[in-house]
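Residue numbers (the working numbering), protein chains in the order written: chain A, 2 to 331; chain B, 23 to 599.
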């Protein structure tokens, strides 16, 4: 063998011992990046914990032998303004997070069921907003021209609205419309109204991003090729473009969920949300404000939980976006 | 020698002293000197400055024919004068003549009343207040389809042989039961039956002078003509009201009003917690301010525990306001279901939700214990609520079992204000424990009383209504007829009879009570009536009688608890520099 051949054989031999070269899809690449991201692990853990607690909530009343709405007058001091007896807002073995002032209701159970209320409203609104946002973004981006003009203006108008103020104003109007249409009073009306308001103000964020992606995608060669082969517009939109949008949709959804959660809490805090005795994180925050000086635990618990959950979703969204971005450094 | 019937009723124990009200229904020899103005000077008062009043909500109505809310009835005396009124001096409240010159005389045991009138009273524009204006003020209250919200006492008590319907629908008609003397110096009222306490009824705004030429119907509510020490400079509904001095008010003609501040500014729209903390900590604009509708709630325990520190600006007194649930007898027809509701309600959790022992005292009746002739300590649901306030769930279930087919789905109406949502949640939990199904009907504070009074007009009727009542005057006659007499209702409006009580056996007792001319006997009869309605018919679930705790800014003086309205009165207030 010549010296050149010898030189190239050794590294080649080493190469043969290494793993075989395999082709990986973008999803697999992204997944492996995500797996190595510690922030993603921690934030997913917290998101999972909150969702899990919301799902298994019904077992806690059986463990603690009480319900989230039950009053416990024996835990309150009637002579001191009906405040909880004991420090840290009445924390005890029977009441893991203490009790509410004035009512004596168990805060841990109200927290856990409040997670159900707040998260389910926010997640349903997310699904609706995503479906609407993706559809309109697709149409706007793909068809262009007048359709795009009209839909883009619509998106801009909705984005320009001060959403919470508008939601507060429109809630009583929608409520009376729905009540007259026959929906039961109270939460039967309020929950659909909240979902409607949150998704109406949420879909433009998703639509805008989808529209941008679609505009860049529709000029690509594979679209041209499919069109040349005689594909219908329907096929182009739903079979060619949409499957390539999963990455930006996923990122947008992950980053929008915390916004929807805080909007739901804000609406309830401002009085346009669920009514008593249904527990909800925003409602707990609202009820706790007058007592923050004498019973700070009551404010701290839902406030801190909301903070952690929103932070976790935001970090997770960032991590997913970094994992999917082929140009980000590792 | 004519007999003097003394009608005494004491109102709780005020922190500033006991109140007593007296009344002389028959002729007096001479008018007491204290009935002429000016009102005695308040110790330490200074003239000048701006009094600020900070409220959560706007006044429901300031048109005298439409005002029926205690805090507003107290406040609007700054610009409204009525035939008779309450005067509070040094913690003692008494009934005195206002536009009248005496407390009325009767020659037929209270069926006809004649009041002499003060001379030379003027409105804010200098024009004279006449007897005809007084009559017109009462006549327009008959159009309560347009001027809604007020008391129905004029309609209830005055004779109306011509069937007068009100000047807006009946412009040529006349209310012949009211006559003015030829010189216009006395007014006579002919009543349908004897009312010994009529001089108390005339404290209400339907007995206030209104110049017919300036009557703007619904819009009078925005700018009534003033006869008091202040007049309205501006009133932006929902935002603010400014009162400035009325130069045509003569203090010598007025025994019950003062005019220390130069200007009074009322601001609406504050939030309970924020306003309460401002007043408690005496910060910012709260230093020269007080509130008519915001008491200490979250700061209640601290304020009362450390009361010696706050004594100069803390006002804690028993109010006459009874908090109760009215059970809608139109929609909850089965008496066993109503009794079950009574048994199920847990008064302990309700009072805790209101703030514990400082918030009030359990009660078995709408009548405060201080009205000794009328109050009876009967058992509700077979037990003494003062000793056992907890809900009687087993008794409730047993009662429901007696009527297995009756409806058990209840709609509970409550106001979105202060502790009401928490108290409603307490009621709901107690009812759920007894086997009821409860839907919550949360209503806005604006127009709440109008909404819960609506009948038969296509709106959803609540079955259980959380509400409260402060006596119209310190006697059972100021509580029971308004709240429980079926005759006060119209087909579309229950007025204050939120229970829609109209049982024939109870109504015949009301009619019998009308015939009683003696005030004490009337009190007794009405007390017995209330007991029957609560125990036998379960139209009401009494909960507790409120204790009031207010705080004002440190620069204010002259503020006092008013024994007539059970409110914190700004009438004698002054502002220190």
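Ideal Cβ placement from N, Cα and C applies to all residues, glycine included.
What is the DSSP secondary structure of residue i, reduced to helix, strand or coil?
{"i": "residue 406/A", "result": "Limits of chain A in this structure are 2 at one end and 331 at the other, which puts residue 406/A out of reach."}
{"i": "residue 414/B", "result": "coil"}
{"i": "residue 135/B", "result": "strand"}
{"i": "residue 382/B", "result": "strand"}
{"i": "residue 297/A", "result": "helix"}
{"i": "residue 433/B", "result": "strand"}
{"i": "residue 463/B", "result": "strand"}
{"i": "residue 355/B", "result": "coil"}
{"i": "residue 49/B", "result": "Note on residue 49/B: pLDDT 34, under 50, position unreliable in the model; the coordinate value appears next. Coil."}
{"i": "residue 590/B", "result": "strand"}
{"i": "residue 553/B", "result": "helix"}
{"i": "residue 405/B", "result": "strand"}
{"i": "residue 535/B", "result": "helix"}
{"i": "residue 28/A", "result": "helix"}
{"i": "residue 32/B", "result": "Residue confidence for residue 32/B is low, a pLDDT of 27 falling below 50, so the modelled location carries little weight; the figure read from the coordinates is stated next. Coil."}
{"i": "residue 10/B", "result": "Nothing can be reported for residue 10/B, as the shown portion of chain B is limited to 23 through 599."}
{"i": "residue 150/B", "result": "strand"}
{"i": "residue 123/A", "result": "helix"}
{"i": "residue 70/A", "result": "coil"}
{"i": "residue 505/B", "result": "helix"}
{"i": "residue 515/B", "result": "strand"}
{"i": "residue 40/B", "result": "Any reading at residue 40/B is ruled out, since the residue's pLDDT is 28, under 50, leaving its predicted position unreliable."}
{"i": "residue 122/B", "result": "strand"}
{"i": "residue 95/A", "result": "coil"}
{"i": "residue 25/B", "result": "Confidence in residue 25/B is poor, its pLDDT being 24 and thus under 50, which makes the residue's placement too unreliable to answer from."}
Return the bridge partner residues of residue i from the DSSP annotation.
{"i": "residue 639/B", "result": "No answer is possible for residue 639/B: it lies beyond the span of chain B, which begins at 23 and ends at 599."}
{"i": "residue 566/B", "result": "345/B and 384/B"}
{"i": "residue 116/B", "result": "109/B"}
{"i": "residue 127/B", "result": "136/B"}
{"i": "residue 85/A", "result": "77/A"}
{"i": "residue 256/B", "result": "264/B"}
{"i": "residue 212/B", "result": "134/B"}
{"i": "residue 584/B", "result": "589/B"}
{"i": "residue 573/B", "result": "336/B"}
{"i": "residue 202/B", "result": "209/B"}
{"i": "residue 489/B", "result": "346/B"}
Exposed or buried, what is residue i when buried is set at 16 or more other beta-carbons lying within 10 Å of its beta-carbon?
{"i": "residue 52/B", "result": "Since pLDDT at residue 52/B reaches only 44, below the 50 mark, its modelled position is unreliable, and the value read off the structure follows with that caveat. Per the 10 Å Cβ criterion, exposed."}
{"i": "residue 41/B", "result": "Caution applies to residue 41/B, whose pLDDT of 31 falls short of 50 and renders its modelled position unreliable; the value that the coordinates give is listed next. By the 10 Å Cβ count, residue 41/B comes out buried."}
{"i": "residue 395/B", "result": "buried"}
{"i": "residue 258/B", "result": "exposed"}
{"i": "residue 66/A", "result": "exposed"}
{"i": "residue 549/B", "result": "buried"}
{"i": "residue 223/A", "result": "exposed"}
{"i": "residue 240/A", "result": "exposed"}
{"i": "residue 495/B", "result": "buried"}
{"i": "residue 408/B", "result": "exposed"}
{"i": "residue 150/A", "result": "exposed"}
{"i": "residue 162/A", "result": "exposed"}
{"i": "residue 146/A", "result": "exposed"}
{"i": "residue 328/B", "result": "exposed"}
{"i": "residue 291/B", "result": "exposed"}
Quick one: which chain E residues come within Cβ less than 7 Å of residue i?
{"i": "residue 379/B", "result": "The structure shown contains no chain E; the protein chains it does contain are A and B."}
Could you list the residues in the stretch 458–473 of chain B with a C-beta less than 7 Å from some C-beta on chain A, going in chain order? Result list: 461, 462, 463 and 464.
At 4 residues or longer, and completely inside the stretch 147–194 of chain A: list those alpha helix (DSSP H) runs for me, N to C. Taking only runs of at least 4 residues, the alpha helix (DSSP H) segments lying wholly in the stretch 147–194 of chain A are 164–181.
Counting only Cβ-Cβ distances shorter than 8 Å, please list the residues of the stretch 72–84 of chain A near chain B, keeping chain order. 72, 74, 77, 78, 79, 80, 81, 82, 83 and 84
What runs of the alpha helix (DSSP H), each 4 residues or longer, lie entirely inside the stretch 300–327 of chain B? Complete alpha helix (DSSP H) runs here, min 4: 322–327.
By the 8 Å beta-carbon criterion, what residues does the stretch 268–287 of chain A contribute toward chain B? Residues 272, 276, 277 and 278.
Whole runs of the alpha helix (DSSP H) within the stretch 199–276 of chain A, excluding any shorter than 4 residues: As for any alpha helix (DSSP H) of minimum length 4 sitting wholly inside the stretch 199–276 of chain A, the runs are 222–229 and 247–270, ordered along the chain.
Proximal residues, the stretch 439–450 of chain B versus chain A, C-beta separation under 8 Å: 441, 443, 444, 446, 447, 448 and 450
Any C-beta of chain A within less than 7 Å: which residues of the stretch 365–377 of chain B qualify? 370, 371, 374, 375 and 377
Please name the residues in the stretch 188–222 of chain A whose beta-carbon is closer than 7 Å to at least one beta-carbon of chain B, in chain order. none
By the 9 Å beta-carbon criterion, what residues does the stretch 320–350 of chain B contribute toward chain A? 320, 321, 322, 323, 324, 326 and 327
According to a CB-to-CB cut-off of less than 9 Å, which residues of the stretch 295–317 of chain B neighbour chain A? From the stretch 295–317 of chain B, only 295, 298 and 299 have a Cβ closer than 9 Å to chain A.
Name, going along the chain, the residues of the stretch 286–309 of chain A whose beta-carbon falls closer than 7 Å to a beta-carbon of chain B. 290, 291 and 292
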